[in-house]
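*Asks:*
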Amino acid sequence: DAKTTQPNSMESNEEEPVHLPCNHSTISGTDYIHWYRQLPSQGPEYVIHGLTSNVNNRMASLAIAEDRKSSTLILHRATLRDAAVYYCILRDVGSGGSNYKLTFGKGTLLTVNP
Amino acid sequence: DTEVTQTPKHLVMGMTNKKSLKCEQHMGHRAMYWYKQKAKKPPELMFVYSYEKLSINESVPSRFSPECPNSSLLNLHLHALQPEDSALYLCASSQVIRDRTRRYGYTFGSGTRLTVV
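Next comes the structure, spelled out in structure tokens:
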């Protein structure tokens, strides 16, 4: 899997937007950008994924740079329940797409202040 | 049902014991995974099953023995573990066939917190 780089930690205030960056300068054309988060004492949880276009769902938005070498996960209004480790992961499903490995990097620990 | 259920939630075992971790999902996913997570570290992949067959073993010691008896169940049998094997063991499942029109992320369970004494 191609490598991603994320800040070790970030801090936000409740009800403010949060922008979590991820650099992936070695991304290939068939790599999807996935985001997962892990709340304390829980398993990781899928957040969002995208290939080239920006994506929105009920949890977050994913903004992907035009050259795809970076992306940003956007939480529009952070709540205390969003405090978690956020993982940016590249997944290659361009070669036939049967089962595949999901390899976690170190992630970003997000702290949300009340 | 959109959950992965892991049992037990906590397990304490001695180094000479034999125990098993259980994972169950009813989402029709045909790929299932075991991950190990040490404190303050990211999850590390151990095993991947696809259509009930072991497809990836990430060089895991033989004291960990996975089993997939059917498409809904995944077990991890433990024998002669060491204290350094103490960790959170996570099970996950996913679709096998790529479908760009649908979400194909992994669904994780909450894990089994294992302590080896």
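Just so you know, the sequences run in chain order A and B.
Once you know that position 33 of the first sequence is 20 in the working numbering, the rest is easy, because the numbers rise by one and skip nothing.
Start counting at 1 in the second sequence, then tack on 22, and there's your number in the working numbering.
Heads up, the beta-carbon is just placed ideally off N, CA and C, and yes, glycines get one too.
1. Considering only C-alpha positions, which residue in the set B/Y73, B/C45, B/R52, B/K62 is nearest to B/A109?
2. How big is the Cα-Cα spacing for B/G55 and A/I35?
3. Kindly say whether B/L136, judged by its beta-carbon, lies nearer than 7 angstroms to any beta-carbon of chain A.
4. Answer with buried or exposed for A/V99, where buried requires no fewer than 16 other C-beta atoms within 10 angstroms of its C-beta.
5. Does the beta carbon of B/Y128 sit closer than 7 angstroms to a beta carbon anywhere in chain A?
6. Could you tell me the boundaries of the beta strand (DSSP E) in which A/L20 lies?
7. Under 9 angstroms Cβ-Cβ, which residues of chain B neighbour A/T39?
8. For A/D54, name the three-state secondary structure that DSSP assigns.
9. Run through DSSP, which three-state label would B/R135 get?
10. Residues bridged to B/M35 by DSSP?
11. For the stretch 83 to 114 of chain B, which residues have a CB atom closer than 9 angstroms to at least one CB atom of chain A, in sequence order?
12. Would you decide whether B/N73 is buried or exposed? Buried here means 16 or more other CB atoms lie within 10 Å of its CB.
13. Starting from A/M(-3), follow its DSSP beta bridges and name the residues at the other end.
14. Taking Cβ to Cβ, would you say B/H101 is nearer than 7 angstroms to B/S42?
15. For A/Q29 versus A/T95, is the C-beta distance shorter than 7 angstroms?
16. Please classify A/R78: does DSSP put it in a helix, a strand, or coil?
17. How is the beta strand (DSSP E) around A/P4 delimited, first residue to last?
18. Output the distance between the C-alpha atoms of A/S40 and A/R55, rounded to the nearest integer angstrom.
19. What in chain B is Cβ-close to A/L89, meaning under 9 angstroms?
20. Leaving aside the five residues before and after A/N0 along the sequence, list all residues of the same chain whose C-beta is less than 6 angstroms from its C-beta, in chain order.
21. Count the other CB atoms, across all protein chains shown, that sit within 10 Å of the CB of B/Q104; report buried if there are 16 or more and exposed otherwise.
22. Which residues mark the beginning and the end of the beta strand (DSSP E) in which A/G37 is found?
*Replies:* According to the data block:
1. Here the question's residue 109 of chain B lines up with position 87 in the second sequence. Considering only alpha carbons, the answer is B/K62.
2. The residue you call residue 55 of chain B lines up with position 33 of the second sequence. The residue you call residue 35 of chain A lines up with position 48 of the first sequence. It should be noted that the sequence gives Tyr, not Gly, for residue 55 of chain B. When rounded, the distance between both Cα atoms is 20 angstroms.
3. As a position in the second sequence, residue 136 of chain B is number 114, starting the count at 1. So, not an interface residue.
4. What you label residue 99 of chain A is simply residue 112 of the first sequence in a count that begins at 1. Per the 10 Å Cβ criterion, buried.
5. By 1-based counting over the second sequence, the position of residue 128 of chain B is 106. It does; some Cβ of chain A falls within 7 angstroms.
6. Residue 20 of chain A sits at position 33 when you count from the first residue of the first sequence. Checking the sequence, you will find Ile at residue 20 of chain A rather than Leu. Segment 18 to 25, the beta strand (DSSP E) holding A/I20.
7. Residue numbering aside, residue 39 of chain A sits at position 52 when the first sequence is read from its first letter. Chain B residues near A/T39: none, gap ~12 angstroms exceeds 9 angstroms.
8. Taking the first residue of the first sequence as 1, we reach residue 54 of chain A at position 67. Per DSSP, reduced to three states, the secondary structure at A/D54 is coil, with no helix or strand assignment.
9. The residue given as residue 135 of chain B occupies position 113 in the second sequence. It is a strand residue.
10. The residue labelled residue 35 of chain B in the question sits at position 13 within the second sequence. Answer by DSSP bridge pairing, in chain order: B/V138.
11. Listed by position, the residues of the stretch 83 to 114 of chain B near chain A (Cβ gap below 9 angstroms) are L110, L112, C113, A114.
12. Residue numbering aside, residue 73 of chain B sits at position 51 when the second sequence is read from its first letter. The sequence as given places Tyr at residue 73 of chain B; Asn does not occur at that position. With fewer than 16 Cβ atoms within 10 Å of its Cβ, B/Y73 is classed as exposed.
13. Taking the first residue of the first sequence as position 1, residue -3 of chain A is located at position 10. Per DSSP, the beta bridge partners of A/M(-3) are A/L97.
14. Translated into positions along the second sequence, residue 101 of chain B becomes position 79. Translated into positions along the second sequence, residue 42 of chain B becomes position 20. Contact flag unset, no.
15. In the first sequence, the residue the question calls residue 29 of chain A occupies position 42. In the first sequence, the residue the question calls residue 95 of chain A occupies position 108. Cβ atoms of A/Q29 and A/T95: not closer than 7 angstroms.
16. To locate residue 78 of chain A, count along the first sequence from 1; it is residue 91. Reduced to three states, the DSSP call for A/R78 is strand.
17. Against the first sequence, residue 4 of chain A aligns to sequence position 17. A/P4 -> no beta strand (DSSP E), and no H or E assigned at all.
18. Sequence index remark: in the first sequence, residue 40 of chain A carries index 53 (1-based). Sequence index remark: in the first sequence, residue 55 of chain A carries index 68 (1-based). Each residue's Cα considered, the two are about 10 angstroms apart.
19. The residue you call residue 89 of chain A lines up with position 102 of the first sequence. What A/L89 touches in chain B: Y55, Y57, P65, L67, A114, S116, G127, Y128.
20. The residue labelled residue 0 of chain A in the question sits at position 13 within the first sequence. Excluding sequence neighbours, A/N0 sits near N100.
21. Residue 104 of chain B sits at position 82 when you count from the first residue of the second sequence. Under this definition B/Q104 is an exposed residue.
22. Residue mapping note: residue 37 of chain A aligns to position 50 of the first sequence, counting from 1. Where A/G37 is concerned, the enclosing beta strand (DSSP E) stretches over 32 to 37.
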